[in-house]
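To start, the structure itself, in structure tokens.
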Amino acid sequence: MKRREFIKDTAIGCCGIAVGSALFEKVLGNTSFDKNTNEENLQKFLALTEDDFNKLADTAIFTAKSNGASYCDIRICKNRMQQISTREDMIRGISDSEDLGFGIRVLINGTWGFASSYAVNEKEVSQMAVKACGIAKANSMLQKKPIELVKVKSYNDKYLTDISIDPFEVSITDKINLQLHFNKLAMTAGADYVDSFMWFINEWKYFASSEGTNITQGLYRTWGQTTPTVIDKSAGNFKSRKVLSPPLSKGFEYFYDYPYEKEIETAVENSKKKLSAPSVEPGKKDLIIHGNNLFLTIHESCGHPTELDRALGFEANYAGTSFMTPDKLNKLQYGSPIINLIADRTQQFGLATRGYDDDGVKTTEWPIVENGKFVNYQTTRELAGYVNQSDSFGCAYADSWASFPIQRMPNISLKPSTEKRSLDDLISDTEDGLLVIGDNSWSIDMQRYNFQFSGQEFWEIKNGKITQMIEDAAYQGNTVDFWNSCDALCDESEYYLGGSLFCGKGEPGQVSPVSHGAVPARFRQVNILNTKSQI
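Residue numbers (my numbering): 51 to 585.
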């Protein structure tokens with residue numbers, strides 16, 4: 051197999067590729083999509099005027115201040131989530147939920163109080179403000195160190211995800227027809243079974259604080275995925291390979307922008323190859339990891355350990371703490387000098403992208419790892435002072451009006467090489483190794499140090515050429531050794547933006563959306579396990 055042909059068929063990126071409208075005309079007929087802007091949808095938010103929002107905010111702040119609060123903020127949120135799943139020519143499930151409510155935070159004697167309700171009216175807002183103050187006063191008896199918020203500018207602004215087609219204006223029938231079309235393509239290509247799903251999320255949020263900030267934000271997130279399965283009945287074996295379509299901050303145009311038909315054919319073809327692929331020989335091997343796998347490694351081995359609350363030990367119950375403690379800041383050689391990991395809550399299509407966080411801090415970008423050195427954490431107004439920062443990086447987020455804002459992960463991405471280097475070039479420069487395509491299972495310890503990852507596909511590289519697919523492989527290592535073993539990166543033409551809609555954290559648990567961009571990267575002498583014989 052030629053490298054260039056292999057790369058064209060297998061490692062499809064997620065940006066800048068258009069299917070065109072022919073697919074949608076064929077499947078959805080003459081449906082006229084309402085290409086209304088997010089600006090127009092803003093007017094529908096709760097059917098409330100700006101004066102209504104301000105009146106509720108004034109009620110919350112006045113009541114909280116009257117009850118001893120030094121600080122108060124209110125979030126009024128409306129969240130809608132739609133999920134559709136199919137299998138072959140059948141509908142498996144449809145859910146469409148919407149909730150509405152508000153949450154109030156107060157600070158009294160350096161202690162948080164919080165209360166929330168689904169009843170959005172002045173009387174309830176006043177009652178919840180009183181309740182939040184009562185909780186803060188009760189909690190203050192146990193508070194060992196007063197909470198201090200770093201300063202923030204006040205804003206009067208709005209932020210809207212730039213979408214072309216509101217997914218909630220597209221009918222359920224049209225969405226199902228498109229999924230069934232994808233399923234039929236997979237079955238025609240030779241799949242024995244196929245599952246598909248679509249997720250659509252819309253989040254409206256109004257934030258006001260006692261420091262003078264008033265912000266309204268409208269956010270959209272979309273995801274679709276198809277997973278074909280093939281069966282070898284004689285051997286009693288089956289294999290699957292999902293389409294490598296990532297969730298993104300987009301509208302329904304998401305399905306115009308990703309090459310689904312080509313990817314479905316590739317997924318079926320490579321699922322068949324898995325059935326006869328030989329089992330991997332374990333040992334140390336050079337590893338080229340595509341961005342559509344490496345994004346998950348970034349999430350687990352850089353994203354979570356650089357959460358400051360986790361590093362301080364405040365977050366421990368949900369997946370542990372972090373080996374990247376404050377004493378290692380600006381000292382730890384996290385990776386080789388070519389490793390630059392950037393946090394960015396303004397990145398185009400990023401799931402964690404927004405205008406402001408839930409502390410009212412304007413979002414920005416900043417380095418986490420610079421030339422291999424660990425230089426920054428993810429921070430909120432509450433946490434920034436612990437590492438002597440005068441400003442927050444804007445990482446506060448609550449997944450609902452009923453949730454208390456906590457520090458959540460920004461988009462964190464691996465900066466591409468400035469040298470021109472394609473995946474084809476990287477393969478041709480590798481004598482003996484493996485190429486990893488697509489994310490799959492993973493495991494990482496409670497300090498975010500020792501880990502293991504598998505993939506959708508592993509391909510053997512010999513003398514600079516792809517030779518065959520292999521199976522039953524996983525790569526294993528520790529965070530520092532792994533990232534220090536990286537000796538080559540591809541350029542921005544190979545960039546892939548992956549991510550998760552539902553990253554979990556906290557107790558009670560919350561989920562947050564986050565993206566991670568990456569280019570194919572080579573790691574030298576990584577430990578490869580045979581999962582069939584060693585686990």
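Just so it is clear, CB atoms sit at the ideal spot from N, CA and C, and this is done for glycine as well.
With a cut-off of 7 Å, does the C-beta of residue i fall near any C-beta of chain C?
| i | result |
| --- | --- |
| Glu542 | You won't find chain C in this structure, because it holds only one protein chain. |
Excluding the 5 residues flanking residue i on each side, which residues of the same chain have their C-beta closer than 6 Å to its C-beta?
| i | result |
| --- | --- |
| Asp394 | Glu415, Asn461 |
| Glu198 | Gly435 |
| Thr529 | Ser351, Tyr499 |
| Phe103 | Tyr256 |
| Asp245 | Arg137, Thr277 |
| Ser71 | Note that Ser71 has pLDDT 43, beneath the 50 cutoff, so the model's placement of it is unreliable and no number is given. |
| Gly353 | Met459, Ile462 |
| Gln560 | Asp449, Ser453 |
| Asp489 | Asn343, Leu346 |
| Glu172 | Thr109 |
Going by beta-carbon coordinates alone, are residue i and residue j separated by less than 7 Å?
| i | j | result |
| --- | --- | --- |
| Val280 | Asp242 | yes |
| Glu507 | Ile487 | yes |
| Arg130 | Glu148 | yes |
| Arg155 | Asp123 | yes |
| Gly422 | Gly385 | yes |
| Phe257 | Ser135 | no |
| Leu113 | Ala179 | Strictly speaking, residue 113 in this sequence is Thr, with Leu absent from that position. Taking 7 Å as the Cβ cut-off, Thr113 and Ala179 qualify as a contacting pair. |
| Asp541 | Arg471 | yes |
| Ser504 | Ser491 | yes |
| Ile338 | Leu230 | no |
| Tyr545 | Gly567 | yes |
| Val200 | Arg572 | no |
| Ala239 | Glu315 | yes |
| Lys289 | Leu325 | yes |
| Ile520 | Val330 | yes |
| Val419 | Leu391 | yes |
| Asp307 | Arg574 | no |
| Thr109 | Ser176 | yes |
| Thr413 | Thr396 | yes |
| Tyr447 | Ser259 | no |
| Thr272 | Pro217 | yes |
| Leu539 | Ser478 | no |
| Cys536 | Ile389 | yes |
| Glu303 | Ile215 | yes |
Using the C-alpha atoms, what's the distance from residue j back to residue i?
| i | j | result |
| --- | --- | --- |
| Phe83 | Thr223 | Reliability fails at Phe83, whose pLDDT of 43 lies under 50, so the model's placement of it is uncertain and no value is given. |
| Thr356 | Phe443 | 13 Å |
| Ala366 | Met496 | 8 Å |
| Leu269 | Trp254 | 6 Å |
| Gly151 | Gln133 | 21 Å |
| Leu433 | Leu473 | 40 Å |
| Asn86 | Gly556 | Note on Asn86: pLDDT 48, under 50, position unreliable in the model; the coordinate value appears next. Their backbone Cα atoms lie some 36 Å apart in a straight line. |
| Gly274 | Ala327 | 28 Å |
| Thr581 | Asn342 | 21 Å |
| Leu346 | Thr263 | 35 Å |
| Ser440 | Gln518 | 54 Å |
| Asn534 | Gln383 | 8 Å |
| Tyr427 | Ala524 | 29 Å |
| Ala119 | Pro455 | 18 Å |
| Ser46 | Ala188 | Residue 46 falls outside the range modelled here, since the chain spans only 51 to 585, and no answer is possible. |
| Gly286 | Ile185 | 60 Å |
| Gly483 | Asp531 | 18 Å |
| Phe74 | Ser190 | No answer about Phe74 holds up, because its pLDDT of 48 lies below 50 and its placement is not dependable. |
| Trp451 | Tyr209 | 18 Å |
| Gln193 | Glu313 | 54 Å |
| Ser284 | Lys322 | 14 Å |
| Lys115 | Glu219 | 42 Å |
Within a Cβ cutoff of 7 Å, which residues of the same chain sit near residue i, ignoring the five residues on either side of it in sequence?
| i | result |
| --- | --- |
| Asp305 | Here residue 305 is Phe; the residue named in the question, Asp, does not match the sequence. Here the set comprises Leu228, Gly274. |
| Ile141 | Ile226 |
| Ser167 | Gly151, Phe152, Glu174, Met178 |
| Asn80 | For Asn80, the pLDDT reaches just 42, beneath the cut-off of 50, and the residue's location in the model is therefore unreliable, although a value from the coordinates is still provided. Same-chain partners within the cutoff: there are none. |
Looking at the secondary structure, which residues open and close the alpha helix (DSSP H) in which residue i lies?
| i | result |
| --- | --- |
| Ala188 | 172-190 |
| Trp533 | 529-534 |
| Leu473 | 473-478 |
| Leu358 | 358-361 |
| Phe232 | 222-238 |
The beta strand (DSSP E) spanning residue i covers which residue range?
| i | result |
| --- | --- |
| Ser145 | 140-158 |
| Glu344 | Before going on, a small fix: residue 344 reads as Leu here, not Glu. It is not in any beta strand (DSSP E) - Leu344 instead sits in the alpha helix (DSSP H) that spans 341-348. |
| Ala165 | 161-167 |
| Asn490 | 482-494 |
| Asn264 | 264-282 |
| Val200 | That residue, Val200, is in no beta strand (DSSP E); it is neither H nor E in DSSP. |
Which same chain residues, not among the five before or five after residue i, have their C-beta less than 8 Å away from its C-beta?
| i | result |
| --- | --- |
| Asn380 | Lys423, Phe424, Val425 |
| Pro196 | Asn159, Gly160, Thr161 |
Quiz item: Can we say the region 295-305 touches the region 534-550, given the rule of at least three CB pairs closer than 8 Å?
Solution: Counting Cβ pairs under 8 Å, three or more are found: they touch.
Quiz item: Quick one: any contact between the region 357-376 and the region 405-413, if contact means 3 or more CB pairs under 8 Å?
Solution: Using a C-beta cut-off of 8 Å, the region 357-376 makes no contact with the region 405-413, since fewer than three inter-stretch Cβ pairs fall below that distance.
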